[in-house]
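Down below is the structure, laid out as structure tokens.
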Amino acid sequence: MGVTSAGGELRYDAALSAWICRRLRISRVTLATYVFCYTGLAPILLVYWILRLQPIGRTFYLSFYDWHLIRPLKPFVGLGNYQDLLQDQNFLGALRNTTVFAVFVVTISVVLGLALAVMLSGKLRLTGVYQAIYFVPVIMPMVPMAIAWKWIFDARYGILNYFLSWFGVQPIGWLTSPDMAMAAIIIMSVWKVLGYNMVLLLVGLQSIPTIYYEAASIDGAAGWAKFRRITLPLLEPIILFVIIVSTINAYNVFTQVYVMTQGSQAAPGGLLRVLVFDIYQNGFQFFKMGFASAEAVVLTIIVIVLTLIQFRVMRPSVE
Amino acid sequence: MIGRGGRERRTPAARRITRRAFLKAGGVAGVTAAASGWQLQPLLSPQITVGASPVTLNYWTGYPEIEPFIKKAAEEYAKTHPGFRLETLSSTLREMEAKVSAAIPADSGPDIFDISRTITIGLSDADLLPPNPPKVAAFVKSGVYDQAVVDWITWKGKTYGIPMMDGGRENLYYNTKMFTEAGLDPNKPPATFDELMAAARKLAKYDSSKNLIRSGLSLRLSGQGSGVADKFDFIAYAYGGYTIVQTKAGKWHNGYDNEAGRQALKFYIDAVHKYHVDDPKLRHDADAFVSQQTAMLMRESWVIGELKTKGPDVLYNTAPIPRAKRWGANTWPYCIYVTRTSKSPDIAWDFAQFMVSPAMQVELIKTSGWTAIRKDVDWGPILRETPQYKAFLVWPKGRGFFEEPPVPAFVEVQSKMADRLVAAYMDKSLVDNPDGIAKTIHATAVETDNILKKAGVYGAD
Chain B
292 MGVTSAGGEL RYDAALSAWI CRRLRISRVT LATYVFCYTG LAPILLVYWI
342 LRLQPIGRTF YLSFYDWHLI RPLKPFVGLG NYQDLLQDQN FLGALRNTTV
392 FAVFVVTISV VLGLALAVML SGKLRLTGVY QAIYFVPVIM PMVPMAIAWK
442 WIFDARYGIL NYFLSWFGVQ PIGWLTSPDM AMAAIIIMSV WKVLGYNMVL
492 LLVGLQSIPT IYYEAASIDG AAGWAKFRRI TLPLLEPIIL FVIIVSTINA
542 YNVFTQVYVM TQGSQAAPGG LLRVLVFDIY QNGFQFFKMG FASAEAVVLT
592 IIVIVLTLIQ FRVMRPSVE
Chain S
3 MIGRGGRERR TPAARRITRR AFLKAGGVAG VTAAASGWQL QPLLSPQITV
53 GASPVTLNYW TGYPEIEPFI KKAAEEYAKT HPGFRLETLS STLREMEAKV
103 SAAIPADSGP DIFDISRTIT IGLSDADLLP PNPPKVAAFV KSGVYDQAVV
153 DWITWKGKTY GIPMMDGGRE NLYYNTKMFT EAGLDPNKPP ATFDELMAAA
203 RKLAKYDSSK NLIRSGLSLR LSGQGSGVAD KFDFIAYAYG GYTIVQTKAG
253 KWHNGYDNEA GRQALKFYID AVHKYHVDDP KLRHDADAFV SQQTAMLMRE
303 SWVIGELKTK GPDVLYNTAP IPRAKRWGAN TWPYCIYVTR TSKSPDIAWD
353 FAQFMVSPAM QVELIKTSGW TAIRKDVDWG PILRETPQYK AFLVWPKGRG
403 FFEEPPVPAF VEVQSKMADR LVAAYMDKSL VDNPDGIAKT IHATAVETDN
453 ILKKAGVYGA D
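Chains as they are written, first to last, in the working numbering: chain B, 292 to 610; chain S, 3 to 463.
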């Protein structure tokens, strides 16, 4: 079917659109709406494809190759990189550290965030100011903040040890001590995300209709009972969202660990190894892109599985 | 003449005119060029001419502290080569290694760059980096460098890059005022590791609660990366070991699962836990020496530059790192390379060669504090001005060099070794525990060998 003239093209378009409408069982107006919407979305989808989907697909692809950045030969190794991962002590250590980090950061930041949100949702003076103060760390860039915390944790000159010295506590090597380094990173990370969790939970709290609390008061319910029977159940969708986002972010922890393990006054790199740091090191320091891609795939799967579990655990009451 | 489709068509006459005009323009250009002096240049002159059109080259460096030197060199070069401009980009060494490794294979790198050999070996192997052109190869072999340096830049019979500075050559910095106060002779720095530990014990200072407030010797105890393993090797080498050693067949295996490695780890454990002359809670490295929170430090020459700017009042001297079974220091020739995609490779190579001219070698030390590497330069003026450079520039008889092996997996070996060493340094149970030390060293060495196996370069004697 050739199109040789403008008139022919018109006839062709009309025939084609009629054929599509028949197949999809939609009107011409609906088809025009679809065409308009998808044409408008096309540039965004293209960018999304180039910047998101294509790199993810490429990461999966590379994970099956012994892909060294410089070496010209990049042989196919099938699941070889994944088999190596299971025996790699650095990866297993990083997985363990990341999980410990995620459990503590998510638990502490959600519980503290909820407590702060409850306090600030009451009729306090200067509530807005407190909200802003708690939210400031969220908008601060991570690198300068991590450097600042490196100084706060400094055993000799750090302000944290200075405060503790008022209570007779001997100087603690927050970053250099194997027992304290992870705790130090957790403290810093909770400080950074606390405001974000608090704001989300605060919005959730404020969206709960007061009528429920009034009814509960009439029934004789007090503070804790109201919180347990009304606030928590109605806040569950928000709590679920906060936990999922916090978990994903916690498993992707990198910047603060990278900054705090650099230099002679830094935390021990091996003891604080986390998954993204291990991926970065294998990919961009050792140039083992295939192996690093396999780690990235495993990280993606872990995060997806955890998210699904969280949905499953909380779904009945959310619905 | 208008043809079908509305396009203008040239008649044969018009084409002839165009050709004639072109030839005429070429002739005029030739005459102009001759008149402006081009004809005075010999046809095969070795001198590079930037010429009438300006040339802008890009330079990437993995040492931000030498960027001012590079800019200064470009300014000097432009005085004799009008139209020459250089744009520089610097980042930390590891970041630059990643950047170069990604950019060069994709032909999106700069015209000139400096980087460590572990990266360029891989690039050379894959024919991604051109070897030195004949003129440059002849220069580097002309006797201006030690033969060890020439061997270091030679890969499969060809030389790559022009050595600019030595990123190694570590020496002992010691605070002469503290030496005098502790009853030590500042003109007699420690010559053995036993003397070093004894001096550190005298120099260490404690408060009333026996907390260390000034370290006798600042060691690299924490952090991550190859720097930790580098410093471990200062001691392991002296006792006869090294991270990896080569077999007769050209393969590699760990060189520290032996008495040397155990001695080196014991030295660290004793320093931190047994004699407590260093403590991870204190400031470390150049910061500590500049702020007089340590009495001794083993480091490269750049610390002299730090002391000039940040600690001009510190009274100090330098001496070779002590000896045990062997006496030596790491040499790490750091080179300038030109990429295969350089816009003007002749000018790039000429500028690179200018950067290592005797005058620029002196300028490098003055500007950055790093040790220049040519052996035919008169260091007299520098040594008169800053005598502490003597330990770096004048090599005593009997003191050797050891060099980073040409194994691309070496960075991974050192990084993973560093993780284990840092954990071991904090392990109090290793005090007076030779079995524990042996086990720790063995486990670390097994990992080293496994990395070499995976990289396909492992072999045992």
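Yeah, the Cβ is synthetic: ideal placement off N, Cα and C, and Gly gets one too.
Look at Phe-578 of chain B here: in three-state DSSP terms it is coil, with no helix or strand label. Short of 7 angstroms from the beta carbon of Ile-306 of chain S, and not among the five residues preceding or following it, lie these beta carbons of its own chain, in chain order: Gly-371, Thr-388, Gln-390 and Tyr-391. Contact of Pro-282 of chain S with chain B by beta-carbon distance below 8 angstroms involves Ala-446, Gly-464, Thr-467 and Ser-468.
Neighbours of Arg-422 of chain S in chain B, taken as residues whose beta carbon is under 8 angstroms from its own, are Gly-561 in chain order. As a beta-bridge residue in DSSP terms, Tyr-336 of chain S pairs with S:Met-167. The three-state secondary structure of Ser-220 of chain S, taken from DSSP, is strand. For Thr-350 of chain B, the uninterrupted alpha helix (DSSP H) segment begins and ends at 345-353. Contact between Pro-462 of chain B and Lys-283 of chain S holds: their C-beta atoms lie close to 6 angstroms from each other, under 8 angstroms. Looking only at S:Pro-132, S:Gly-313 and S:Asp-127, the smallest Cα-Cα distance to Ile-114 of chain S is reached by S:Pro-132. Excluding residues up to 5 positions away in sequence, Leu-492 lie with their Cβ nearer than 6 angstroms to the Cβ of Leu-405 of chain B in the same chain. Measuring C-alpha to C-alpha distances from Gly-464 of chain B to each of B:Leu-599, B:Thr-501, B:Ala-516 and B:Tyr-448 identifies B:Tyr-448 as the nearest. In the DSSP assignment, Gly-402 of chain S falls within the beta strand (DSSP E) that extends over 402-405. The C-beta distance from Leu-59 of chain S to Ala-290 of chain S rounds to 39 angstroms, too long to meet the 8 angstroms contact threshold.
Taking a C-beta distance under 8 angstroms as the contact criterion, Ala-206 of chain S and Arg-216 of chain S qualify as a contact pair. A Cβ-Cβ separation of about 20 angstroms leaves Leu-423 of chain S out of contact with Met-298 of chain S under the 8 angstroms criterion. The alpha-carbon of Tyr-239 of chain S is positioned some 54 angstroms away from that of Val-338 of chain B. Here Glu-89 of chain S carries a strand assignment [DSSP, helix/strand/coil]. Taking every protein chain shown into account, the CB of Val-484 of chain B has 16 or more other CB atoms within 10 angstroms, so this residue is buried.
Uninterrupted beta strand (DSSP E) stretches at least 3 residues long and entirely within the segment 173-231 of chain S occur at 173-177 and 214-216, given in chain order. Taking a beta-carbon distance threshold of 8 angstroms, Ser-110 of chain S does not count as an interface residue toward chain B. Judged by DSSP in its simplified three-state form, Pro-322 of chain S adopts strand. With a cutoff of 8 angstroms on beta-carbon distance, Ile-476 of chain B and Val-548 of chain B are scored as near each other. Per DSSP, Gln-248 of chain S lies in no alpha helix (DSSP H); the unbroken beta strand (DSSP E) holding it starts and ends at 244-248. A Cβ-Cβ separation of about 6 angstroms places Val-401 of chain B in contact with Ile-534 of chain B under the 8 angstroms criterion. Within the same chain, and ignoring the five residues on either side of Asp-209 of chain S in sequence, the residues whose Cβ sits closer than 6 angstroms to its Cβ are Ile-215. Considering only S:Ala-104, S:Pro-112 and S:Thr-63, the residue with the shortest C-alpha distance to Ser-93 of chain S is S:Thr-63. In its chain, beyond the 5 residues on either side, Leu-353, Trp-358, Leu-360 and Gly-574 have a beta carbon closer than 6 angstroms to the beta carbon of Met-580 of chain B. Spanning the alpha carbons of Arg-519 of chain B and Ile-499 of chain B requires a straight line of approximately 14 angstroms.
Looking from the CA of Glu-67 of chain S, the closest CA among S:Val-413, S:Thr-446, S:Ile-367 and S:Val-279 belongs to S:Ile-367.
In summary, the residues of the segment 418-443 of chain S whose CB is separated from some CB of chain B by less than 8 angstroms are Lys-418, Ala-420, Asp-421, Arg-422, Val-424, Ala-425 and Met-428, in the order they occur in the chain. The beta carbons of Tyr-542 of chain B and Ala-393 of chain B sit closer together than 8 angstroms. Ala-273 of chain S and Glu-261 of chain S have their C-alpha atoms roughly 18 angstroms apart.
For Ile-361 of chain B, the neighbours in chain S by C-beta distance under 7 angstroms run, in chain order, Ser-103, Pro-107, Gly-124, Leu-125 and Ala-128. Secondary structure of Ile-600 of chain B (DSSP, three-state): helix.
Within the segment 338-391 of chain S, the runs of alpha helix (DSSP H) that reach at least 4 residues and sit entirely inside it are, in chain order, 347-357, 360-370 and 382-387.
Between Tyr-460 of chain S and Asn-319 of chain S, the C-beta gap is not smaller than 8 angstroms, which leaves the two residues out of contact.
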